[in-house]
Amino acid sequence: MKQKNPELEIILNGGINNLEDGCKNLKNLDGVMMGRNAYSDPFHLSRVDSTFYKKKDMNLSKQEVFLKFIPYLQKELEDGSKIQLITKHLMGFFRGNSLAKEIRKTLANIQNEEKIEKTLFKIANQLTS
Numbered sequence: 852m853k854q855k856n857p858e859l860e861i862i863l864n865g866g867i868n869n870l871e872d873g874c875k876n877l878k879n880l881d882g883v884m885m886g887r888n889a890y891s892d893p894f895h896l897s898r899v900d901s902t903f904y905k906k907k908d909m910n911l912s913k914q915e916v917f918l919k920f921i922p923y924l925q926k927e928l929e930d931g932s933k934i935q936l937i938t939k940h941l942m943g944f945f946r947g948n949s950l951a952k953e954i955r956k957t958l959a960n961i962q963n964e965e966k967i968e969k970t971l972f973k974i975a976n977q978l979t980s
């Protein structure tokens, strides 16, 4: 379709299960979307810049990525956001961790804002991959 209509912007939405599939499809298209896959396993998005834009891969661990997320979460809380509205989007991030179920349960049940920072750093220390 793109070859017959090069003036059209064609972006694939769906069926992209990893960054490598996305790159393969970009050879013939203008863009790809990774909505569900990004939501269910957001950690792989840490490689988007190196995969698509040839930037240096920072090789961040899940722990390092999560630690970078904490200041964002703290700012959102200061601005009045509810923690569950933020953390519900993190649930897929813990995929593959042996403690994933426990971590998700902990995040879902955080109530005391005074203990949030301590809880988040405890979770970060449980991330190994």
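Throughout the sequence shown, residue numbering follows our numbering, covering 852 to 980 in sequence. Don't be surprised by glycine CBs; every beta carbon is placed ideally from N, CA and C.
Could you give the first and the last residue of the continuous alpha helix (DSSP H) run that contains residue i?
| i | result |
| --- | --- |
| G873 | 870-877 |
| F945 | Premise fails: F945 is in no alpha helix (DSSP H) and is neither H nor E. |
| P893 | No alpha helix (DSSP H) contains P893, which DSSP labels as neither H nor E. |
| N976 | 967-977 |
Kindly indicate the opening and closing residues of the beta strand (DSSP E) around residue i.
| i | result |
| --- | --- |
| N864 | 862-864 |
| G882 | 882-884 |
Excluding sequence positions up to five away, which residues of its chain have a Cβ less than 7 angstroms from the Cβ of residue i?
| i | result |
| --- | --- |
| I861 | M852, K853, L880, D881 |
| K906 | D900 |
| L889 | Per the sequence shown, the amino acid found at residue 889 is Ala instead of Leu. Excluding residues within five positions, the ones whose Cβ falls inside 7 angstroms are L896. |
Assuming residue i and residue j make a contact with CB atoms under 8 angstroms, what is their CB distance in whole Å?
| i | j | result |
| --- | --- | --- |
| T957 | I974 | 7 angstroms |
| N948 | L978 | 6 angstroms |
| V916 | S897 | 5 angstroms |
I need the straight-line Cα distance from residue i to residue j, nearest angstrom please.
| i | j | result |
| --- | --- | --- |
| A951 | F945 | 5 angstroms |
| K969 | G943 | 21 angstroms |
| I867 | I937 | 25 angstroms |
| N960 | H940 | 14 angstroms |
| Q914 | F903 | 23 angstroms |
| F972 | L877 | 38 angstroms |
Can you name, in chain order, every residue of its own chain whose Cβ lies under 6 angstroms from the Cβ of residue i, other than the five neighbours on each side?
| i | result |
| --- | --- |
| N864 | M884 |
| P893 | G943, F944 |
| L911 | S897 |
(message) Measuring CB atoms only, is the segment 863-877 touching the segment 919-926, in the sense that at least three cross pairs come out at less than 8 angstroms?
(response) Flag = no, the segment 863-877 and the segment 919-926 do not touch.
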